[in-house]
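Chains as they are written, first to last, in my numbering: chain A, 189 to 367; chain B, 48 to 241.
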């Protein structure tokens, strides 16, 4: 475990070093490429601002009104049965549907429970190990006008469900003892 | 769909505010929520620009192509009968590689190109072909190697080590991907592609 977490803390600097070295080796104008990519990132982020404002406001309102608490209390037995922290359940529901919504909910969970708790870590892993399933299905099939999806959605949701169960399991294994 | 979800979230909040007598708190949340959204956007902007830039260098250095080559042997396993040198296989490999690097902007057009190529290979109609199903399920799983957005959110929340979740993310993604692929392939075989 110690070796793995040591590797994780060097992963980012090593990846960055490797990318720059590869770039120089292949005669890429690295700074120019960086600026182009950063510009693309900025454009993508600007597109995300309006949905994030709408969704984060909605999540904050759900929390302030007590609705989120009521919901979490309601589904806690199901969460306990699946051995996942009940605080992550709002994320489980929104993750397959909306990428912006997942960011909004994860941000709320990290703020409420703390990023280095079992709930905070499990939520982060859940968010990082799944995708916006319904968005992908809609865009990919919509582009070629396929309407009968057969078993696409059940198979994709089974994968999401696996990610959800595995995220709390892996966090419990990698960070034993954290509440 | 988001139409109803967002409207539902807002309306449920208002109803709960009235029932629980939390009008003031919800009003505060309405204003502070939109403000905290803007500060979160600035945090994410930094991460999106930084990683977008670094991954563009990786892309131009040929790393996407190299990753696509590594993925090629898996093609026969996941897409049996697909010509490994055809345009569909090429788009699939490049899409997977772009996803692994977190190049969302590049991955989506390549994914749509793969879908168009699959459509050319399958009988006309509006039913999903086996390869399409495998490919879409592959794309609904997370392939990104570095969970940069999640790490940025963790950093923003004051985590002592934002990237420490990376091994857990990789393991969890891999498990989910395996389940998705096995299910897609098994159901592909079991159901008739009419």
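Beta carbons: idealized from backbone N, C-alpha and C, even for Gly.
Handout entry: According to DSSP, residues forming a beta bridge with residue 188(B)
Key = For this step, residue 188(B) is matched to residue 141 along the second chain. Bridge partners of residue 188(B): 318(A).
Practice task
Inspect the CB distances between the region 179–196 of chain B and the region 141–160 of chain B and report whether three or more fall short of 8 Å.
Solution key: yes
Handout entry: Any C-beta of chain B under 7 Å from that of residue 335(A)
Key = Within the first chain, the letter at position 147 stands for residue 335(A). For residue 335(A), the answer is yes, since a Cβ of chain B falls inside 7 Å of its Cβ.
Practice task
Determine the direct distance from the alpha carbon of residue 239(A) to that of residue 236(B), and round the result to whole angstroms.
Solution key: Here residue 236(B) corresponds to residue number 189 of the second chain, with the count starting at 1. Here residue 239(A) corresponds to residue number 51 of the first chain, with the count starting at 1. Cα to Cα, residue 236(B) sits roughly 40 Å from residue 239(A).
Problem - Below-7 Å beta-carbon distance, residue 241(B) vs any chain A residue - result: The residue you call residue 241(B) lines up with position 194 of the second chain. Only weak support exists for where residue 241(B) lies, its pLDDT of 46 falling under 50; the coordinates are left without a value.
Exercise for the section: Run down chain B in chain order and give the residues with a C-beta less than 7 Å from the C-beta of residue 309(A). Expected result: Here residue 309(A) corresponds to residue number 121 of the first chain, with the count starting at 1. By Cβ distance, chain B contributes 212.
Handout entry: DSSP-derived helix/strand/coil call for residue 201(B)
Key = Within the second chain, numbered from 1, the residue matching residue 201(B) stands at position 154. Residue 201(B) falls in the helix class under three-state DSSP.
Handout entry: Paired residues, beta bridge with residue 174(B) - DSSP
Key = Taking the first residue of the second chain as position 1, residue 174(B) is located at position 127. Its beta-bridge partners are 336(A).
Handout entry: Given residue 214(A) as reference, the closest of 64(B), 160(B) and 109(B) once Cα atoms are compared
Key = The residue given as residue 214(A) occupies position 26 in the first chain. Here the closest residue by C-alpha is 109(B).
Exercise for the section: Spell out whether any CB of chain A is found under 7 Å from the CB atom of residue 112(B). Expected result: Here residue 112(B) refers to the residue found at position 65 when the second chain is read from its first residue. Not one chain A Cβ lies under 7 Å of residue 112(B).
Practice task
Just the C-alpha distance for residue 238(B) and residue 175(B), rounded to the nearest angstrom, thanks.
Solution key: As a working note, residue 238(B) is residue 191 in the second chain. As a working note, residue 175(B) is residue 128 in the second chain. About 12 Å.
Practice task
Would you mind stating whether residue 310(A) and residue 184(B) have Cβ atoms separated by less than 7 Å?
Solution key: Residue 310(A) sits at position 122 when you count from the first residue of the first chain. Residue 184(B) sits at position 137 when you count from the first residue of the second chain. Not a contact, by the Cβ cut-off of 7 Å.
Practice task
Mind reading off the beta-carbon distance from residue 147(B) to residue 286(A)? Whole number of angstroms is fine, and I expect it under 8 Å.
Solution key: In the second chain, counting from the first residue as 1, residue 147(B) sits at position 100. In the first chain, counting from the first residue as 1, residue 286(A) sits at position 98. Contact doesn't hold; Cβ gap of about 23 Å is too wide.
Practice task
For my contact list, residue 241(A) and residue 85(B) are in at a C-beta cut-off of 8 Å; report their separation, rounded to the angstrom.
Solution key: Counted from its first residue, the first chain places residue 241(A) at position 53. Counted from its first residue, the second chain places residue 85(B) at position 38. Rounded, the Cβ-Cβ distance is 7 Å, consistent with contact.
Problem - As assigned by DSSP and simplified to three states, the class of residue 102(B) - result: Along the second chain, read from residue 1 onward, the residue named residue 102(B) stands at position 55. Helix at residue 102(B).
Practice task
Give the straight-line distance between the Cα atoms of residue 120(B) and residue 113(B), rounded to the nearest whole angstrom.
Solution key: Indexing the second chain from 1 puts residue 120(B) at position 73. Indexing the second chain from 1 puts residue 113(B) at position 66. The straight-line gap from Cα to Cα measures roughly 13 Å.
Handout entry: Near-chain A residues of the region 120–145 of chain B - C-beta to any C-beta below 7 Å
Key = Cβ contacts with chain A: none found.
Exercise for the section: Pick helix, strand or coil for residue 227(A), following the three-state DSSP scheme. Expected result: Sequence index remark: in the first chain, residue 227(A) carries index 39 (1-based). The answer is helix: DSSP assigns residue 227(A) an H, G or I state.
Exercise for the section: Measure how close the beta-carbons of residue 219(B) and residue 313(A) come, nearest whole angstrom, since I'm counting them as under 8 Å. Expected result: Taking the second chain and counting its residues from 1, the one referred to as residue 219(B) is at position 172. Taking the first chain and counting its residues from 1, the one referred to as residue 313(A) is at position 125. The Cβ separation is near 5 Å, so the contact holds.
Exercise for the section: Flag residue 360(A) as yes if its beta-carbon sits less than 7 Å from any beta-carbon of chain B, otherwise no. Expected result: Working through the first chain from its first residue, we reach residue 360(A) at position 172. Judged by the 7 Å Cβ criterion, residue 360(A) is not in contact with chain B.
Handout entry: the region 156–169 of chain B: positions lying closer than 7 Å to chain A by Cβ
Key = Residues passing the 7 Å Cβ filter: 158, 159, 162, 163 and 166.
Practice task
Go ahead and label residue 222(A) buried or exposed: buried means 16 or more other beta carbons lie within 10 angstroms of its beta carbon, across all protein chains shown.
Solution key: In the first chain, residue 222(A) corresponds to position 34, counting from 1. Residue 222(A) should be labelled buried.
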